[in-house]
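Notes to accompany the following structure.
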Amino acid sequence: MATPSSVTFHSAPTADNPFAWDIPDSNGNFPTSPYDELEVLNWYTSIHYAVTISVGAILVPCMIYMVLFHTTGALLPYKKLLLVCSMSDFFFWLLDSCGQLKVRMIDGVFVGTVTGPAKLLPRWGQLLAASLGVSLVCFTNATLPAQSFYRYYALTRGKTCDKLKTTLILAFPFVVNIVPFVLLYISFFESPKVRPGYNYATLWFKEYPLPLLLILDTRSSWDMAFIATAGLQITFGYLATVYFSYKTWRQLCVYADKYSPKTKVLQAQLARFLFFQISKSVYGASRPRKSTAKLSRNERISASSKETVCFICSGGRVVSALDFCARRGGFDPILTTSIVPASLLAASALLRIDGGISTTVSVTLASWIPILNSLLTITAIVPYRRVLKGWLCHVLHNAKILSTVPSTVVPVNSKNG
1 MATPSSVTFH
11 SAPTADNPFA
21 WDIPDSNGNF
31 PTSPYDELEV
41 LNWYTSIHYA
51 VTISVGAILV
61 PCMIYMVLFH
71 TTGALLPYKK
81 LLLVCSMSDF
91 FFWLLDSCGQ
101 LKVRMIDGVF
111 VGTVTGPAKL
121 LPRWGQLLAA
131 SLGVSLVCFT
141 NATLPAQSFY
151 RYYALTRGKT
161 CDKLKTTLIL
171 AFPFVVNIVP
181 FVLLYISFFE
191 SPKVRPGYNY
201 ATLWFKEYPL
211 PLLLILDTRS
221 SWDMAFIATA
231 GLQITFGYLA
241 TVYFSYKTWR
251 QLCVYADKYS
261 PKTKVLQAQL
271 ARFLFFQISK
281 SVYGASRPRK
291 STAKLSRNER
301 ISASSKETVC
311 FICSGGRVVS
321 ALDFCARRGG
331 FDPILTTSIV
341 PASLLAASAL
351 LRIDGGISTT
361 VSVTLASWIP
371 ILNSLLTITA
381 IVPYRRVLKG
391 WLCHVLHNAK
401 ILSTVPSTVV
411 PVNSKNG
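Have a look at this one:
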């Protein structure tokens, strides 16, 4: 039905919203103008996405450029894996920027709507974009064991994988991500059917007219299958990553004298990169750096290889993994990884907890994942950091020159007659 202000409301299911429709007030009337209960939150999400889109547009492509044109020397064998990781960050940022989800978790139901440019797509297109965005989180987790195994293989064999093994390793994240993606896409269509005739708009915030809603109901076997599959994939991915990381550090510590300082520096950079990938909140701190001014070049390289590559807790103190290994003769499998956001969402759905606007805030904060990944990776890997430092110095130098050039006035002599 239409109101005098020409705003269209629907009191029955439509093609865009087959499982939700506008709810009238107690008198059976609809508002005379659009209304959104979360108008204040919309200001936050708008500003937040404007910042993440702008910053991501600089850092994420910059990371891809670094991998393509500045991965040289000892890092060259790892170029393909670095490229896969940087491309996954790019597509995550792109889909997140286009989607800009506003979500709510209540009564075991995930209800969301697309507020970004993707809202112009038809219903199936929005469901496809949402499925791809969520699947990219699973894809990122699937790349972790592939990265750690590739690194462990290269370290223990003294050479990188051949073309067949490299192809299989790179294909692994894509293959294992097919099932969660398909299950999620089907769940968007099938899971709301578990409650025939139910108006899922009653679980959404008060918003008129009702936007196109994305609905996942945990009462459906399709949704439960997706949660189980994605949960197992993420769990085993982290366990496999921790296992191969442990084996790698064990190899480095037991055979410390076998590897050259250059190899140790390379492994330190790869460790930082992998650790940034698997953890967004770890217990760590920088230990004081000793002066290396009087050391030889090899001694400085050796010292830099022992700087913070991974921190663990030992006797109430935070120490670097290499120092811990040197004293204990091995590396205890104490790696702090963060799967809290995914666990909280799954727990809220299964326990049917009302997350309120906190779910929306949590999802928007996930927009920083590809940005922080790119920033931390560029600063962790020495060749990339040098290029970035060179760019910044060049910009600052030009800015300084422009600020110091005096303005001059050139007189113009005119001749009369």
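Letter 66 of the sequence shown, counting from 1, is numbered 66 in UniProt numbering, and no numbers are missing. Beta carbons are placed, not taken as given, at the ideal position from N, Cα and C, and that holds for glycine. What you are looking at is a predicted structure, and each value in this text was computed from that prediction instead of being measured.
One alpha carbon belongs to A201, the other to Y44, and they sit about 23 Å apart.
Taking C-beta atoms as the reference points, I215 and P192 count as a pair closer than 9 Å. In the DSSP assignment, K102 falls within the beta strand (DSSP E) that extends over 101-106. Take the alpha-carbon of T241 and the one of G158: they are about 20 Å apart.
With respect to the 9 Å criterion, T113 and W204 are classified as neighbours on the basis of their beta carbons. For T8, there is no enclosing beta strand (DSSP E), as DSSP gives it neither H nor E.
Boundaries of the alpha helix (DSSP H) harbouring I178: 178-190, taken from the DSSP string. At the C-beta level, A129 and A118 come within 9 Å of one another.
In the DSSP assignment, T113 falls within the beta strand (DSSP E) that extends over 109-114.
N17 counts as buried, since at least 16 other C-beta atoms from the protein chains shown sit within 10 angstroms of its C-beta. Between I169 and L82, the C-beta gap is not smaller than 9 Å, which leaves the two residues out of contact.
For L59, same chain residues with a beta-carbon under 6 Å away, outside a window of 5 residues either side, are I371, S374, L375 in chain order. Taken in chain order, the unbroken stretches of alpha helix (DSSP H) that lie wholly in the stretch 345-406 and span 4 residues or more are 358-365, 368-380, 382-404. For L252, the number of other beta carbons within 10 angstroms of its own is at least 16, and it is reported as buried.
The beta carbons of W21 and L210 sit closer together than 9 Å. Excluding five sequence positions before and after Y185, the CB atoms of its chain that fall closer than 6 Å to its own CB belong to S131, given in chain order.
A380 counts as buried, since no fewer than 16 other beta carbons sit within 10 angstroms of its beta carbon. Around the beta carbon of G73, fewer than 16 other beta carbons lie within 10 angstroms, which makes this residue exposed. The shortest CA-to-CA distance from F19 to any of L95, V103, E190 is the one to E190.
The Cβ-Cβ distance between Y78 and Y150 falls below 9 Å. One Cα belongs to T71, the other to E39, and the distance between them is close to 46 Å. D354 and K102 have their C-alpha atoms spaced approximately 15 Å apart.
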